[in-house]
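Chains as they are written, first to last, in this note's numbering: chain V, 370 to 527; chain R, 98 to 203; chain F, 6 to 265.
Report on the structure given below.
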Amino acid sequence: MTTRREFLVLAGAASFAAATEARAQLDPNLAAKRKAAFEEALRRIVGDAQVRRGRVKLQLPPLIDNGNSVPLSVSVESPMTGADHVKAIHVLTEKNPLPDVVSVALGPRAGRASLATRVRLADTQTVTAIAQMSDGSLWSDSAEVVVTLSACLEEGLI
Amino acid sequence: MARAVVTMPAQAKRGEVLEIKTLAQHAMETGFRRTQTGELIPRDIIRRFICTYNGVEVYRADLHPAIAANPLIAFTTVATESGTLSFQWVGDNGYAVNEIAPIRVE
Amino acid sequence: MSPRSWLPAAAACLLFVKVLAAAEIPLGERRSGYEFMSRETRAIQDDDATHPGMLWVLDGEGLWKRKAGTADRACADCHGDARASMKGVAARYPAFDTARGRPVSLEQRINGCRVERQKAAPFAYESKDLLALTAYVARQSRGLPIKVTIDERTRPFLEAGREAFHRRQGQLNLSCAQCHDDNWGKHLAGSVIPQAHPTGYPLYRLEWQGLGSLERRLRNCLTGMRAQAPDFGSAEFVDLEFFLMWRARDMKIETPGVRP
């Protein structure tokens with residue numbers, strides 16, 4: 370049975386830890402830093418090549434139930450033949466602590482260029498999916514998601 | 098213990114596109130969370146998922162901390178011949194899980 | 006007496022009566038938390054192949070068949086195929102336990118068997134094994150209507166649970182009823198307030214990123230209200246669970262559920 374003192378200590382520690390993260394979140398440069406990390410990740414994948422909008426369909430719920438687990442699906446229009454197929458699919462975010470979400474390597478054996486998974490989103494933001502084709506061309510799609518905090522959280526952060 | 102689960106058809110016609118859904122039981126600890134006293138909990142995630150079809154790699158995913166806990170990876174592969182599909186999850190701290198599923202192709 | 010003199014008194018009475026009657030959700034208006042979720046989250050619950058809770062259910066199936074304790078007995082040795090023997094069980098828990106003279110939760114019943122029949126140590130509350138086994142057993146009642154037994158023996162515990170549900174508590178001085186009877190469907194900090202029916206427990210909560218029990222969820226609520234949460238397995242908790250299951254009578258079991 371947690372005593373009142375223990376409860377207050379736990380609550381205090383939890384709010385300290387939350388405050389540490391909150392302080393990090395309050396960093397006036399945080400948004401800019403994360404956007405820069407996103408841009409760098411993008412450059413790492415595409416280099417100087419041009420990325421065109423289209424052929425890729427990125428689907429995310431517009432308003433999510435919980436940012437811990439957001440269903441995401443990507444599909445790319447492609448005949449998936451030896452001569453013309455999707456080689457890789459990358460998913461990136463601009464506001465998560467890290468920009469990379471997942472990278473898929475595939476080929477004609479896949480039959481369809483697709484991925485369905487569940488992702489963590491730290492904040493309301495834009496998610497981007499990029500497809501690398503066998504002919505070297507790059508295509509992308511993006512989706513905006515609204516993320517809100519849960520009302521009833523647990524006492525600790527573990 | 099059910100460390101991973103694969104759902105896919107047991108048989109298909111040659112050339113048919115098989116839908117495969119996989120689930121792995123893993124906390125996917127991001128490395129950004131802190132304990133109640135403020136210490137950082139180290140990253141511990143599944144790093145890579147590989148599907149091979151009679152030994153040939155047909156799909157590979159590199160996962161990052163942004164992938165949710167107990168990851169779902171759903172994808173497709175063409176039913177080319179009868180045999181075995183092998184699924185491998187590899188991650189931090191020596192995490193390695195394998196599952197296999199037979200496929201009969203007519 | 007002229008109408009004008011008794012009208013205010015009558016109006017006051019009507020208001021008083023209306024406030025009392027507004028409490029319970031009419032049976033036909035009850036909706037599972039499932040209906041308050043997005044289409045995408047519902048899809049996770051509907052498909053076993055993508056449902057992370059199924060990982061625990063499969064673990065539970067393994068535990069069901071595993072011999073344990075000094076009696077070296079598996080659940081299966083007495084109960085056979087759970088799909089047959091456990092069908093309908095979770096739908097009528099909490100149920101009266103004669104030895105203990107009070108209703109017990111499904112988790113407590115499982116632990117009772119473990120101690121008395123398998124002669125093994127009980128599982129800790131909220132342990133992976135207890136969650137897995139409870140989820141596996143409750144899964145066998147999926148789709149069946151909730152039907153806990155109310156009789157002279159169990160009625161006092163129902164009333165104790167009802168009282169707890171309506172009692173204001175915590176620093177926020179809120180009762181369960183104020184949110185879940187009177188304000189369901191409205192928003193609280195970006196989330197929709199559900200009606201709080203325990204139709205899917207143990208369930209996979211996205212917030213936990215894992216499977217958890219009803220009692221864990223109740224503790225979350227109580228902490229949110231800045232109230233002292235009772236211990237796992239306490240009489241207070243089981244009474245409340247008993248009331249909640251009666252309140253959800255005839256609603257379908259969804260275990261394992263998925264919730265935000």
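Backbone N, C-alpha and C define an ideal beta-carbon position, used for all residues, glycine too.
Since the structure is predicted, the reported quantities are computational estimates derived from the model, not experimental observations.
Take the Cβ of T260/F as the centre, count every other Cβ of all protein chains shown within 10 Å, and call the residue buried at 16 or more, exposed below.
-> Per the 10 Å Cβ criterion, buried.
Out of E241/F, V62/F, D134/F, M250/F, state which residue places its alpha-carbon closest to the alpha-carbon of G168/F.
-> The question names Gly, but residue 168/F is Glu in the sequence shown. Ranking the options by Cα distance to E168/F, first place goes to E241/F.
Identify each residue in the stretch 152-170 of chain R for which the Cβ-Cβ distance to at least one residue of chain V is less than 9 Å, and report them in chain order.
-> Cβ contacts with chain V: V153, E154, V155, Y156, R157, A158, D159, L160, H161, P162, A163, I164, A165, A166, N167, P168, L169, I170.
Nearest-angstrom Cα distance between N190/R and Y130/F?
-> The alpha-carbon separation between N190/R and Y130/F amounts to approximately 28 Å.
Thinking C-alpha only, which one of N167/R, A198/R, T174/R is nearest T181/R?
-> Sorting N167/R, A198/R, T174/R by C-alpha distance to the C-alpha of T181/R places A198/R at the top.
Identify, in the order they occur along the chain, each residue of the same chain with its Cβ nearer than 7 Å to the Cβ of P414/V, setting aside the five sequence neighbours on each side.
-> According to the sequence provided, residue 414/V is Ile. The question's Pro does not apply to it. H459, I499, listed in sequence order.
Straight-line Cα distance separating S509/V from V420/V = Spanning the alpha carbons of V420/V and S509/V requires a straight line of approximately 7 Å.
Are the CB atoms of V439/V and L475/V nearer to each other than 8 Å?
-> No; because the gap between Cβ atoms is not below 8 Å, this pair is not in contact.
DSSP bridge partner residues for V425/V (one or two, in chain order) | Beta-bridge pairing links V425/V to V445/V.
Please confirm if G416/V has its CB atom under 8 Å from at least one CB of chain R.
-> No, G416/V does not count as interfacial toward chain R.
Step through the CB atoms of chain R and report whether any lies within less than 8 Å of the CB of R413/V.
-> No, its Cβ sits nowhere closer than 8 Å to a Cβ of chain R.
With A482/V as the anchor, note down where its alpha helix (DSSP H) starts and where it stops.
-> Counting along the chain, A482/V falls outside any alpha helix (DSSP H), though it belongs to the beta strand (DSSP E) covering 482-488.
Same chain, Cβ closer than 7 Å to A26/F, five either side skipped, listed in chain order | Because A26/F sits at a pLDDT of 40, beneath the cut-off of 50, its placement in the model cannot be relied upon, and the following sentence gives the value as read from the coordinates. Cβ neighbours of A26/F beyond the five flanking positions: none.
Segment contact, 8 Å Cβ cut-off, at least three pairs: the stretch 116-134 of chain R with the stretch 166-179 of chain R = Segments in contact, yes.
Who are the Cβ neighbours of K152/F in its own chain at under 6 Å, not counting the five residues just before and after it?
-> Counting only Cβ-Cβ distances below 6 Å, and skipping sequence neighbours, we find A96, R97.
Who are S509/V's beta bridge partners in DSSP?
-> As a beta-bridge residue in DSSP terms, S509/V pairs with R422/V, I499/V.
Which whole-angstrom value describes the C-beta separation of P431/V and T450/V, a residue pair presumed to lie in contact below a C-beta threshold of 8 Å?
-> Distance from P431/V to T450/V at the Cβ level is roughly 34 Å; contact not present, criterion being Cβ atoms closer than 8 Å.
Could you list which residues in chain R have their beta carbon closer than 7 Å to that of A143/F, in chain order?
-> Neighbours of A143/F in chain R, taken as residues at a C-beta separation under 7 Å, are lacking, since the least C-beta distance is about 17 Å.
Test: I458/V CB closer than 8 Å to a CB of chain F = It does not; no Cβ of chain F falls within 8 Å.
How would you label T46/F, buried or exposed, when you count the other beta carbons within 10 angstroms and need 16 or more for buried?
-> Per the 10 Å Cβ criterion, buried.
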